[in-house]
Every structure is written in C-alpha cells, then in structure tokens.
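Read through the structure below, which is laid out as structure tokens, and then see the notes.
In my numbering, the protein residues as written are 10 to 117.
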C-alpha cells in the first residue's frame, strides 16, 4: 500500500470562508477518483460521480469520527488530529466520537 493511492481523491474541502467552529462542509470527489469509481464499478458517468462523492464523504465522516484534540511534539495545540487546525476551530468536533471526560467519568 502506498500513500500515493490516496492523493487526489478530493477536489475541494468546501468554502474556506465558512464560520469558525461550524460543521465541516461536504467534500467533493476529484475527477480522477470519479473515473476510478466509474471504471472499477462499471457505472455511467452520472452514477459514478454520485457514488464517488458519497464514498468521499463517508470516508471523511469516518476519519472525523476519530478526530481528537492533540498536542504536537513542538508543544502546539490543542490541534485537530485529522486536519491539524486549532481544535475546535476546524469544526471536526461536531463529527468526532471523542468523549471529553477522563477515565473516572469527571469532566476534563
């Protein structure tokens, strides 16, 4: 498996001027990923675009579910573990399954 397999799947991450801390926008599949889905699944162009966008958004939501606030080794943070933006300014906290309570159940 190579990192190159995942380069260029998304064409955009939505409006960069969206309100801070708002829910992240839906993503769009790139033309290359749409062609890959079309060829792999033998779909029409229209169905391939819909399928590729659905897959890209499903993958984004899956990754965001595991996003957590983390500190970098350089002492920066908290940062989003997914996009490295300041947590929660990126908005991934809306999709994260992270529970901000410690092991004893007390609020952190």
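The beta-carbon is built from N, C-alpha and C at its ideal position, and this holds for glycine as well.
| Query | Result |
| --- | --- |
| Segment contact, 8 angstroms Cβ cut-off, at least three pairs: the segment 48 to 59 with the segment 88 to 104 | no |
| Close beta carbons around residue 80, own chain, < 8 angstroms, minus the five adjacent residues each side | 86, 87, 88 |
| Sequence-distant residues of its chain with Cβ nearer than 7 angstroms to residue 41 (five each side left out) | 17 |
| Proximity of residue 35 and residue 66 at Cβ, strictly below 7 angstroms | yes |
| Opening and closing residue of the alpha helix (DSSP H) in which residue 66 lies | 54 to 74 |
| Simplified DSSP assignment, three categories, for residue 91 | coil |
| Local conformation of residue 19 per DSSP, three classes | strand |
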